[in-house]
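Start counting at 1 in the sequence shown, then tack on 618, and there's your number in the numbering used here.
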Amino acid sequence: MMTLKNVKLLHKNTHVGILILRLSIGILMLLHGIHKLLHGVGFIAQMVAGAHLPPFFVYGVYVGEVIAPLLLIVGYKTRIAALIYAFNCLVAALLAHWGSLFALSEQGGWNVELLGLYFFGAVALVFTGGGKYACSSKSIFD
């Protein structure tokens, strides 16, 4: 007789969950990075200048939205890549979303919930690492 206990797919598999998290936040953020590669970062340069930060800070977006997501997708140095990714989200929240950081949308959700999901997904990967389906399962944090 088939029961839920016998269904292999329903058995706890933390490593598959970590893989899904790595792929989802990696691919979704990489799409933002590809857009910036194709269309430039002029609007970010304006925000950086408005915050009186050095102009080279603009190029950090490529690290946080292209390089770190690619590392997460393949699972190489996952914890370091996730830390960079989370920092990128924090900078985006402070520079681009400060005005709506403590506000709710018309539907009652957090105004920056997508950015929050990216940030907290990356923070989770800082603690878990890449799992066994990663190119490297060790990092300098282990």
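For glycine and all other residues, C-beta sits at the position ideal for the given N, C-alpha and C.
C-beta neighbour in chain C for residue i, strict 8 Å
i	result
S723	Absent from the structure: chain C. Only one protein chain is present.
Inter-residue spacing [alpha-carbon to alpha-carbon] between residue i and residue j
i	j	result
G651	E683	5 Å
H653	A686	15 Å
Y751	I638	10 Å
Cβ pair residue i, residue j closer than 8 Å
i	j	result
I662	V681	no
V659	V679	yes
CA nearest to the CA of residue i, picked from the options
i	options	result
C753	N631, S642, M665, L689	L689
L713	L671, T696, I636	L671
G747	A667, L656, A699	A699
G749	R697, A721, L719, A711	R697
M665	E731, Y694, N631, V709	V709
L732	I636, K630, H633, S642	S642
(request) Could I get the ranges of all uninterrupted alpha helix (DSSP H) runs contained in the stretch 672–725, with 4 residues as the minimum, in chain order? (result) 686–692, 696–714
(message) Closer than 8 Å is the cut-off here; do at least three beta carbon pairs connect the stretch 699–713 with the stretch 725–739?
(response) yes
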